[in-house]
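Each remark here refers to the structure printed beneath this line.
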Amino acid sequence: MVGNHGFVDGNKRTAWLLVEILVDRSGYMLDIPDDEPVDDLVVAVAAGQMDFDELVTWFKSRLVGQ
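Numbered according to our numbering, the sequence shown spans residues 149 to 214.
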């Protein structure tokens with residue numbers, strides 16, 4: 149979603165909203181510190197600065213069961 153630019157504007161926001169929905173529906177929550185802006189992650193993914201394995205590691209370290 150972030151890299152494909154399905155919309156004229158709002159691709160990163162839409163992608164993050166989908167992440168939040170999928171995480172919640174999977175029975176998890178994201179534990180992200182207040183001093184860690186999610187925008188940095190989404191921009192890094194969109195810019196190709198984070199590969200799949202790095203993204204998986206990022207999520208695994210922040211997913212918490214509900």
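All C-beta atoms in this analysis are idealised placements derived from N, C-alpha and C, irrespective of residue type, glycine included.
Please report the straight-line C-alpha distance between Val193 and Leu166, rounded to a whole angstrom.
As a working mapping, residue 193 is identified with position 45 in the sequence shown. As a working mapping, residue 166 is identified with position 18 in the sequence shown. One C-alpha to the other measures close to 15 Å.
Around the Cβ of Lys160, are there at least 16 other Cβ atoms within 10 angstroms (buried) or fewer (exposed)?
Reading the sequence shown from its first residue, position 12 is the one you call residue 160. Residue environment: Lys160 is assigned as buried (16 or more neighbouring CB atoms within 10 Å of its CB, all protein chains considered).
Pop quiz: Val190 and Trp164 are said to be a contact at Cβ under 8 Å. What is the actual Cβ separation, rounded to whole angstroms?
The residue you call residue 190 lines up with position 42 of the sequence shown. The residue you call residue 164 lines up with position 16 of the sequence shown. The C-beta distance from Val190 to Trp164 rounds to 5 Å, short enough to fall under 8 Å.
Which runs of the alpha helix (DSSP H), 4 residues or longer, sit entirely within the stretch 182-211?
You should have 186-194, 200-208.
What residue does the alpha helix (DSSP H) around Asp172 start on, and which one ends it?
What you label residue 172 is simply residue 24 of the sequence shown in a count that begins at 1. Segment 159-173, the alpha helix (DSSP H) holding Asp172.
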